[in-house]
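Below: the structure, in structure tokens.
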Amino acid sequence: MGESSSAPNERDPLITVANPGRARRPELESADTEHAAPPELDGARDEPPLAGSASAGVEARTSTRALLRRSTLEASSLPEPPGELARAPSSPSLETLGRVGRFALLRQLGAGGMGVVYSAFDEVLERRVAIKLVRADRGGTSWQARILREAQALARLSHPNVVQVYDAGEHGGQIYVAMEYVKGETLSAWLARHAGGRPQRAARPILELFTQAGRGLAAAHAEGLVHRDFKPDNVLVGEDGRVRVVDFGLVVARGPAREELAVTAADELSGARLSSSIGSALGVELTRDGAVMGTPAYMSPEQFLGLAVDARSDQFSFCVALYEALHGARPFRGERHSELMANVTRGVRDKSVREHRAVRPRIRAAIERGLATDPAARWPSMDALLELLSDRAGRRRRRVYAAVAVLAVATGAGLGYSAYEARARARCEALGGAARRRAANAAQQRVERAFAATGVAHAAATWERTRDAMTEWALGWSAARTQACMDARADRVLAARGALCLDRQLPRFTSLVEAYEQAGRGVVDQAVRTATSLPPTAMCESPQWLLAGPEARGEADAGDAAEQTRARMAKARSLSFLGDYEPALEIAEESVTEASAQGDDYLRSEALLLRADVTRMTGDYERARDDAKAAYYLAGRLGHDRVALDAALALLSVLGYFMLDVEGVDVWAPAAEMLLARLELEDSVFSGKFHIAYGAALRRQGRHHEAMEQYERALATLERTMGARDPAVAQVLSNIGATLSSLGRDDEGLVYLRRGLVLAEQRLGPRHPDISVMLNNIGVVLEHQGMPEQALEAAQRALSIDEEVHGATHPTIGVSLINLGAVCERLERLDEAEAHYARAQRVFEATLGPESPYVGYAIGSRGDVEYKRGAFKEARALYERALELIPDAPEHAMALANVRFKLARVLTTSGEELERARALVQQMREYLDRAEGKDPTLQQEYEEWVARQAELGAAPP
Numbered sequence: 010m011g012e013s014s015s016a017p018n019e020r021d022p023l024i025t026v027a028n029p030g031r032a033r034r035p036e037l038e039s040a041d042t043e044h045a046a047p048p049e050l051d052g053a054r055d056e057p058p059l060a061g062s063a064s065a066g067v068e069a070r071t072s073t074r075a076l077l078r079r080s081t082l083e084a085s086s087l088p089e090p091p092g093e094l095a096r097a098p099s100s101p102s103l104e105t106l107g108r109v110g111r112f113a114l115l116r117q118l119g120a121g122g123m124g125v126v127y128s129a130f131d132e133v134l135e136r137r138v139a140i141k142l143v144r145a146d147r148g149g150t151s152w153q154a155r156i157l158r159e160a161q162a163l164a165r166l167s168h169p170n171v172v173q174v175y176d177a178g179e180h181g182g183q184i185y186v187a188m189e190y191v192k193g194e195t196l197s198a199w200l201a202r203h204a205g206g207r208p209q210r211a212a213r214p215i216l217e218l219f220t221q222a223g224r225g226l227a228a229a230h231a232e233g234l235v236h237r238d239f240k241p242d243n244v245l246v247g248e249d250g251r252v253r254v255v256d257f258g259l260v261v262a263r264g265p266a267r268e269e270l271a272v273t274a275a276d277e278l279s280g281a282r283l284s285s286s287i288g289s290a291l292g293v294e295l296t297r298d299g300a301v302m303g304t305p306a307y308m309s310p311e312q313f314l315g316l317a318v319d320a321r322s323d324q325f326s327f328c329v330a331l332y333e334a335l336h337g338a339r340p341f342r343g344e345r346h347s348e349l350m351a352n353v354t355r356g357v358r359d360k361s362v363r364e365h366r367a368v369r370p371r372i373r374a375a376i377e378r379g380l381a382t383d384p385a386a387r388w389p390s391m392d393a394l395l396e397l398l399s400d401r402a403g404r405r406r407r408r409v410y411a412a413v414a415v416l417a418v419a420t421g422a423g424l425g426y427s428a429y430e431a432r433a434r435a436r437c438e439a440l441g442g443a444a445r446r447r448a449a450n451a452a453q454q455r456v457e458r459a460f461a462a463t464g465v466a467h468a469a470a471t472w473e474r475t476r477d478a479m480t481e482w483a484l485g486w487s488a489a490r491t492q493a494c495m496d497a498r499a500d501r502v503l504a505a506r507g508a509l510c511l512d513r514q515l516p517r518f519t520s521l522v523e524a525y526e527q528a529g530r531g532v533v534d535q536a537v538r539t540a541t542s543l544p545p546t547a548m549c550e551s552p553q554w555l556l557a558g559p560e561a562r563g564e565a566d567a568g569d570a571a572e573q574t575r576a577r578m579a580k581a582r583s584l585s586f587l588g589d590y591e592p593a594l595e596i597a598e599e600s601v602t603e604a605s606a607q608g609d610d611y612l613r614s615e616a617l618l619l620r621a622d623v624t625r626m627t628g629d630y631e632r633a634r635d636d637a638k639a640a641y642y643l644a645g646r647l648g649h650d651r652v653a654l655d656a657a658l659a660l661l662s663v664l665g666y667f668m669l670d671v672e673g674v675d676v677w678a679p680a681a682e683m684l685l686a687r688l689e690l691e692d693s694v695f696s697g698k699f700h701i702a703y704g705a706a707l708r709r710q711g712r713h714h715e716a717m718e719q720y721e722r723a724l725a726t727l728e729r730t731m732g733a734r735d736p737a738v739a740q741v742l743s744n745i746g747a748t749l750s751s752l753g754r755d756d757e758g759l760v761y762l763r764r765g766l767v768l769a770e771q772r773l774g775p776r777h778p779d780i781s782v783m784l785n786n787i788g789v790v791l792e793h794q795g796m797p798e799q800a801l802e803a804a805q806r807a808l809s810i811d812e813e814v815h816g817a818t819h820p821t822i823g824v825s826l827i828n829l830g831a832v833c834e835r836l837e838r839l840d841e842a843e844a845h846y847a848r849a850q851r852v853f854e855a856t857l858g859p860e861s862p863y864v865g866y867a868i869g870s871r872g873d874v875e876y877k878r879g880a881f882k883e884a885r886a887l888y889e890r891a892l893e894l895i896p897d898a899p900e901h902a903m904a905l906a907n908v909r910f911k912l913a914r915v916l917t918t919s920g921e922e923l924e925r926a927r928a929l930v931q932q933m934r935e936y937l938d939r940a941e942g943k944d945p946t947l948q949q950e951y952e953e954w955v956a957r958q959a960e961l962g963a964a965p966p
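Per the numbering used here: the sequence shown = residues 10 to 966.
Structural data, given as structure tokens:
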């Protein structure tokens with residue numbers, strides 16, 4: 010258990026959005042899965058950035074505005090109108106409309122009961138969009154307000170498999186919604202063309218398309234949204250092969266996604282009517298007062314009965330559609346509405362359907378469970394259903410899920426085990442029960458009391474999430490260990506290796522439980538992340554994985570001393586992930602010594618990697634680099650590719666992010682990619698770790714476009730392998746948002762930032778320290794967009810969380826204070842801004858030392874206040890001091906550009922040292938010309954200053 014081999018969310022750094030000249034928030038930019046101290050906050054060892062096995066720190070931004078940002082994935086294709094919209098008549102009242110706000114209408118795509126859809130051009134962002142104009146006669150003002158609220162809720166949702174909503178508002182008495190324009194066809198049309206009457210021949214592509222659609226639904230559910238009208242007509246298949254779920258006009262938002270996704274439909278259904286304008290009565294939308302309630306053919310029992318409708322209703326509709334696509338007919342028959350309702354609500358299946366044998370039993374079992382009449386009997390989430398449908402899922406996990414599903418369906422048919430099988434399974438289940446028993450112990454009141462005793466506000470919510478994650482891992486480990494025992498009858502050698510691999514994972518779990526029982530504030534802050542970062546049990550059934558480690562080298566009979574060392578190393582990893590570095594480093598040192606004394610090079614390579622990871626977290630980057638290199642080359646000679654891969658990822662992070670070694674990135678990125686290919690891990694959590702680490706390194710070099718590509722690949726990989734709701738996904742979403750914001754794409758960045766925030770709040774809790782980072786980033790973008798009041802609210806909440814978590818004196822408090830001061834300054838509340846900046850300076854001096862660059866950031870911000878007050882002499886003195894403290898290094902280039910311009914502006918205003926002012930402006934312009942990222946505040950202030958100089962008849966320096 011000396012290897013890291015963990016999921017990529019143990020501590021990935023969250024990047025931050027720049028506020029030019031302001032202190033930048035330690036960026037939660039995922040470069041690996043463990044804690045790591047940010048290079049700029051070299052004194053803040055207890056607040057490392059989020060990272061995997063090779064972390065990158067929370068980036069501090071260098072300008073005079075807040076430095077925290079995130080962004081969204083770009084959607085670019087154009088949709089053909091779905092189904093009924095293409096055939097409906099146009100609305101005469103809209104024939105002459107040429108513009109809707111900033112959107113130029115190009116042509117009508119179609120119309121339906123809700124309104125008219127146009128192809129349009131966004132003249133601000135220069136892109137093609139689709140505009141839906143809701144009919145003016147559909148409902149009153151309250152209904153229109155609801156449509157707007159729902160559009161706003163959807164705008165928070167940015168996912169590759171959901172049509173993106175860009176904007177919504179009111180125009181000429183009508184509600185409009187601007188959304189992504191996708192060129193393609195509906196899933197219904199695709200099925201008609203490719204499946205025809207023989208869907209069994211297209212089973213694999215059908216599953217691939219539905220899996221994409223399911224990911225879109227899962228993402229919506231994660232945001233607290235329920236579609237309520239999922240059907241093939243509401244799914245688009247783009248020409249690029251990407252699937253998008255569309256027409257969320259029925260969507261119901263129930264506040265934060267952590268709350269129950271439910272809405273009572275009884276009142277709406279009581280006055281419902283069937284529209285006959287589009288075709289078959291059972292294939293049309295059910296409406297009341299313009300509110301679409303669903304399509305009967307795909308509606309869930311709870312929709313028919315007017316009961317609470319939540320995400321599981323979408324799951325039922327999804328399974329009806331998938332069943333129909335695979336077997337050529339729907340599972341429930343009904344020529345009339347009443348007949349269909351009776352069959353669906355009673356679970357009476359259409360026995361005339363001839364189910365195709367080409368559909369695998371595990372797929373049938375998954376769909377059967379999703380079609381359960383009782384929502385509680387369905388899959389707990391879309392992610393769980395998709396796990397079984399996906400061919401990418403690990404074979405063992407599929408076997409566990411399928412066994413559960415098949416048993417649940419087949420028990421009534423009398424399936425059972427022979428007496429021999431039952432005895433064998435009983436023996437194997439006894440071996441697999443260790444983690445289950447430990448999980449039960451972990452759930453005892455003493456652990457809950459330990460969390461509560463810390464006094465942390467989010468302790469109770471954190472414990473609930475931690476307990477659930479630990480229980481889930483324990484059950485998965487137990488199932489895998491039981492199966493490894495059962496598999497021994499077929500392949501004793503491979504099964505023994507898998508069992509040993511699993512046995513070496515268990516100490517990580519038990520050491521975490523022990524740490525939770527002694528919980529302090531730091532343990533609570535990192536509990537969910539560490540619980541969700543336990544090593545994937547599925548790896549222990551991969552032949553490539555087992556052949557790349559000591560299990561394949563005669564190590565199965567390793568002595569007790571070696572296994573005891575590995576168990577202690579597992580404890581050290583748990584301690585380090587929880588921020589308890591001193592004892593973790595002590596164990597790492599002892600492990601290297603013990604491995605050398607035992608003459609066990611496999612163990613020694615693992616111990617060197619452990620020491621590299623712990624020293625990196627403490628900020629000793631040179632030693633971390635040396636140990637990681639030693640681990641890499643030793644593991645390479647032994648064929649211990651698992652350690653070699655993690656060592657390469659650690660080097661990519663240490664050299665690329667923390668030490669800004671460009672040549673090192675060029676060496677270790679290809680090395681890591683080579684090992685991923687050799688281990689057949691190109692589509693795994695480990696490739697997600699690689700893309701995160703590589704993206705962080707590229708962003709540190711200012712190569713934002715290349716970083717974006719890596720983050721997008723990381724997001725796609727992690728959503729496939731970890732699920733759309735994993736904490737690591739929230740971090741990558743935030744990193745994408747921050748990067749896009751750095752590229753000047755604030756609108757898109759804000760969508761991703763908010764999506765990351767909602768997911769992080771769900772998984773980590775609303776008062777987790779990472780939430781503060783995300784709020785600061787959102788505040789910066791809002792300030793850039795001219796919404797200072799909203800930015801103020803975000804900044805105040807961020808500071809409140811920081812003070813609650815860290816007390817009054819901590820480097821992150823200083824960063825939040827600078828961000829809050831920037832918003833107050835924007836609102837012309839100069840006294841408040843000065844107070845926040847001055848306090849930030851005191852915090853940085855006390856925690857990082859009087860010569861820290863962050864002290865320079867705070868002093869430069871104070872200079873801005875004095876300049877606005879007209880106190881040019883005081884402003885100049887502050888800017889001069891800031892220049893002395895901020896080093897001329899790439900990571901501080903934006904801050905230097907900002908302070909140089911501000912100083913030049915003061916010198917010009919006072920008529921002093923004009924030659925120096927010209928030189929300072931030239932340096933600033935050179936930076937702006939070569940910077941790949943954008944600093945809208947600095948650029949705007951510079952342009953306004955040049956214009957004023959021209960008005961005064963003075964040539965700017």
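Glycine residues also receive a C-beta, built at the ideal position from the N, C-alpha and C atoms. Keep in mind it's a predicted model, so treat the numbers as computed, not measured.
Relative to the C-alpha of residue i, which residue among the options is closest?
i: residue 381; options: 363, 355 and 393; result: 355
i: residue 816; options: 752, 531 and 190; result: 531
i: residue 491; options: 860, 549 and 465; result: 549
i: residue 974; options: 753, 778 and 786; result: The chain is shown only over 10 to 966; residue 974 falls outside these bounds and no answer can be derived.
i: residue 161; options: 572, 181, 232 and 458; result: 232
i: residue 379; options: 307, 343, 881 and 347; result: 307
i: residue 590; options: 750, 627 and 790; result: 627
i: residue 792; options: 820, 780, 755 and 826; result: 755
i: residue 967; options: 316, 311 and 346; result: An answer regarding residue 967 cannot be provided, because it is not within the stretch 10 to 966 covered by the chain.
i: residue 241; options: 224, 234, 197 and 230; result: 197
For residue i, collect the residues of the same chain with a Cβ closer than 6 Å to its Cβ; drop the 5 residues on either side in sequence, then sort them by chain order.
i: residue 557; result: 650, 651 and 688
i: residue 637; result: 621, 656, 659 and 660
i: residue 321; result: 384 and 387
i: residue 514; result: 544
i: residue 885; result: 915
Exposed or buried, which one is residue i when buried takes at least 16 other CB atoms within 10 Å?
i: residue 907; result: buried
i: residue 250; result: exposed
i: residue 840; result: exposed
i: residue 117; result: buried
i: residue 580; result: buried
i: residue 602; result: exposed
i: residue 66; result: Per-residue confidence for residue 66 stands at a pLDDT of 30, beneath the threshold of 50, marking its modelled position as unreliable; the derived number appears in the next sentence. By the 10 Å Cβ count, residue 66 comes out buried.
i: residue 923; result: exposed
i: residue 389; result: exposed
i: residue 864; result: buried
Got a sec? Which residues, its chain only, sit under 8 Å from residue i by beta carbon, not counting five neighbours each side?
i: residue 801; result: 788, 829, 832, 833 and 836
i: residue 825; result: 34, 781, 785, 804, 807, 808 and 811
Skipping 5 residues on each side, what residues in its chain have a beta carbon closer than 7 Å to that of residue i?
i: residue 331; result: 219 and 376
*asked:* With three or more beta-carbon pairs closer than 8 Å as the criterion, would you say the region 865-883 touches the region 910-918?
replied: yes
_Every unbroken alpha helix (DSSP H) inside the region 177-225 [4 residues or more]_ = 196-203
*Answer yes if the region 612-620 comes into contact with the region 508-526, meaning at least three C-beta pairs across the two stretches below 8 Å, and no otherwise.*
no
_With three or more C-beta pairs closer than 8 Å as the rule, is the region 125-142 touching the region 719-734?_
no
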